[in-house]
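**Q** Under my numbering, think of the first position of the sequence shown as 20, with each following residue one higher.
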Amino acid sequence: MRYISTRGQAPVLPFAEAMMTGLARDGGLYVPEAVPQMDAAAIAALEGQSYEEAAFRIIRPFVAESFSETELHDAIRRAYQGFGHAARAPLVQLAPGHHLLELFHGPTLAFKDFAMQLIGQLFQIALAREGRRITIVGATSGDTGSAAIEAFRGLPNVDVFILYPHGRVSEVQRRQMTTPDDANVHALAIDGTFDDAQARLKDLFNDHPFRDGVGLAGVNSINWARVLAQVVYYITGAVSLGAPHRPVSFTVPTGNFGDIFAGTIARAMGLPVDRLVIATNQNDILDRAMRTGRYQVGRVEPSVSPSMDIQVSSNFERALFLAYDGDGAAVAQLMEDLRAGGFAISQGAMEHLRELYDSGRASEAETLSTIARVRAETGQVVCPHTAVGVKVADEHRRQGVPMITLATAHPAKFPDAVEQAIGLRPALPAHMARMAGLPERVTRVENDSEALKSLILERRMA
Numbered sequence: 020m021r022y023i024s025t026r027g028q029a030p031v032l033p034f035a036e037a038m039m040t041g042l043a044r045d046g047g048l049y050v051p052e053a054v055p056q057m058d059a060a061a062i063a064a065l066e067g068q069s070y071e072e073a074a075f076r077i078i079r080p081f082v083a084e085s086f087s088e089t090e091l092h093d094a095i096r097r098a099y100q101g102f103g104h105a106a107r108a109p110l111v112q113l114a115p116g117h118h119l120l121e122l123f124h125g126p127t128l129a130f131k132d133f134a135m136q137l138i139g140q141l142f143q144i145a146l147a148r149e150g151r152r153i154t155i156v157g158a159t160s161g162d163t164g165s166a167a168i169e170a171f172r173g174l175p176n177v178d179v180f181i182l183y184p185h186g187r188v189s190e191v192q193r194r195q196m197t198t199p200d201d202a203n204v205h206a207l208a209i210d211g212t213f214d215d216a217q218a219r220l221k222d223l224f225n226d227h228p229f230r231d232g233v234g235l236a237g238v239n240s241i242n243w244a245r246v247l248a249q250v251v252y253y254i255t256g257a258v259s260l261g262a263p264h265r266p267v268s269f270t271v272p273t274g275n276f277g278d279i280f281a282g283t284i285a286r287a288m289g290l291p292v293d294r295l296v297i298a299t300n301q302n303d304i305l306d307r308a309m310r311t312g313r314y315q316v317g318r319v320e321p322s323v324s325p326s327m328d329i330q331v332s333s334n335f336e337r338a339l340f341l342a343y344d345g346d347g348a349a350v351a352q353l354m355e356d357l358r359a360g361g362f363a364i365s366q367g368a369m370e371h372l373r374e375l376y377d378s379g380r381a382s383e384a385e386t387l388s389t390i391a392r393v394r395a396e397t398g399q400v401v402c403p404h405t406a407v408g409v410k411v412a413d414e415h416r417r418q419g420v421p422m423i424t425l426a427t428a429h430p431a432k433f434p435d436a437v438e439q440a441i442g443l444r445p446a447l448p449a450h451m452a453r454m455a456g457l458p459e460r461v462t463r464v465e466n467d468s469e470a471l472k473s474l475i476l477e478r479r480m481a
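1. Hey, how far is the Cα of Val437 from the Cα of Leu32?
2. In the DSSP assignment, find the alpha helix (DSSP H) that holds Tyr343 and state where it starts and stops.
3. Let's see if you can read the secondary structure: which residues bound the alpha helix (DSSP H) around Ser365?
4. Which two residues bound the contiguous beta strand (DSSP E) that contains Gln249?
5. What is the rounded straight-line gap between the Cα of Val233 and the Cα of Arg245?
6. The alpha helix (DSSP H) with Pro80 in it runs from where to where?
7. Taking the alpha helix (DSSP H) that Leu305 belongs to, which residues open and close that run?
8. What residues match up with Pro51 in a beta bridge as DSSP calls it?
9. For the region 83–133, list the beta strand (DSSP E) runs that are entirely contained and at least 3 residues long, ordered along the chain.
10. By the DSSP assignment, the beta strand (DSSP E) with Val177 in it spans what residues?
11. Find the nearest neighbour of Ser326 within the set Gly408, Ser473, Thr462, judged by alpha-carbon distance.
12. Within 10 angstroms of its Cβ, does Arg26 collect 16 or more other Cβ (buried), or is it exposed?
13. Round the Cβ separation of Asn242 and Met38 to the nearest angstrom and send it over; I've been treating them as touching at under 8 Å.
14. Grab the span of the alpha helix (DSSP H) containing Thr462 for me, first residue to last.
15. Let me know the secondary structure DSSP gives Thr389 once reduced to three states.
16. Could you check what DSSP says for Val401 in three-state terms: helix, strand or coil?
17. Between the Cα of Asn275 and the Cα atoms of His118, Val238, Val251, Gln330, which residue gives the shortest distance?
18. Here's a check: name, in chain order, each residue in its chain whose Cβ is nearer than 6 Å to the Cβ of Gly237, leaving out the five neighbours to either side.
19. Which residues in the same chain have their Cβ closer than 7 Å to the Cβ of Ala349, if we skip the five residues on either side of it in sequence?
20. Taking only the alpha-carbon atoms, compute the straight-line gap between Thr299 and Ser382 and give it to the nearest angstrom.
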């Protein structure tokens with residue numbers, strides 16, 4: 020299995036190199052040359068298997084050239100052994116025909132743990148094999164950063180720098196990034212938005228001498244390994260509701276498009292997915308693009324669902340690559356046009372996208388009212404991102420087709436929003452509650468790539 024760039028001008032790489040590289044050298048994102056197939060019998064055979072065994076069977080064809088069966092088995096086992104639920108990603112019924120897929124039982128209480136914990140294990144294997152040291156730099160709208168720090172903290176051959184938008188993450192998200200005291204992790208609060216942080220990250224990767232000099236690696240969802248790890252829970256969730264013998268739809272709270280693109284890959288592998296529904300908050304560039312055919316950047320508006328406060332959804336580039344039939348030059352031109360504020364999607368590409376995706380949005384008031392409604396009707400408390408998903412899912416459910424909404428984070432990560440909705444603050448699990456008394460380590464940084472490079476060169480341990 021080899022991996023190619025969405026812009027067509029970067030080296031073709033095996034899985035381990037694509038994982039360690041993150042962003043392709045032409046600025047594109049890595050995707051597999053071909054998607055391995057699972058027939059109905061292989062999907063049906065996952066019923067009754069552990070999450071770890073399902074993950075091994077699903078991931079193995081994508082990584083076979085880079086990791087042995089034993090290495091992959093061990094990495095998966097270690098990645099998920101600290102999760103707080105035996106099923107890892109349990110399904111909970113919300114209403115007849117509508118289930119939540121709970122993705123918040125990992126160490127940082129967010130879906131990012133599924134990918135980040137596994138990537139941490141795979142990185143360790145690859146780095147030990149090669150005897151090298153790397154510098155991981157990530158940008159986060161909240162959950163990616165804490166998941167990355169948790170996965171890589173204390174490792175002997177990795178420095179980690181996480182950029183987050185100052186004042187635009189929840190207190191719990193911030194403390195998850197700023198209270199670890201391991202010498203190899205650094206939380207950086209950038210003066211700007213998540214889109215600014217992501218732009219500075221891409222600046223670093225596109226400066227090839229700097230990139231090579233510090234051994235730069237990325238673990239944002241631009242990293243193909245992140246997407247791959249998330250494919251697993253789409254398939255296990257669907258199997259729990261009768262796949263492959265009947266189709267299932269998914270609604271995904273969507274910011275950077277990585278999670279829903281994992282669903283796209285699950286469908287391409289053979290999972291009978293009826294619809295993939297993009298759910299956005301008022302930062303609705305993806306919903307607007309699906310409705311109008313134009314991807315036009317607007318101003319980021321702070322919300323109670325901050326992980327979706329994004330206007331430039333990096334992984335949408337992967338969806339465009341598929342929609343343009345693998346035309347890297349066309350994708351490269353679209354991304355160049357994006358630098359000027361936006362682009363029109365061709366009619367043929369829009370037809371492809373609309374065959375795969377539906378979309379919808381939720382306002383602040385709708386998000387809060389959905390949290391209140393779900394609690395009143397079911398007794399369950401959902402985080403604001405999940406509430407966006409539930410609201411949009413209810414608008415797109417089809418008779419006879421089960422709908423799964425991804426519950427992306429524990430409600431206690433967003434206590435202010437939940438309290439605003441229902442008048443109660445959800446309690447943090449004990450291991451999280453202890454953060455409140457710990458000192459914070461954070462560096463405020465300018466929205467400037469040169470200043471960021473200087474800081475990384477000064478702080479890295481190599």
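Glycine residues also receive a C-beta, built at the ideal position from the N, C-alpha and C atoms.
Bear in mind the structure is a predicted one, so any value in this text is a computation, not a measurement.
**A** In short, the structure shows the following:
1. 44 Å
2. Neither: Tyr343 is in no alpha helix (DSSP H) and is coded neither H nor E.
3. Looking at the DSSP string, Ser365 is not in any alpha helix (DSSP H), and its letter there is neither H nor E.
4. Counting along the chain, Gln249 falls outside any beta strand (DSSP E), though it belongs to the alpha helix (DSSP H) covering 243–259.
5. 22 Å
6. 70–82
7. 304–311
8. Tyr22
9. 110–114, 117–121
10. 177–184
11. Gly408
12. buried
13. 6 Å
14. That residue, Thr462, is in no alpha helix (DSSP H); its beta strand (DSSP E) goes 462–464.
15. helix
16. coil
17. Gln330
18. Gly41, Leu42
19. Tyr343
20. 9 Å
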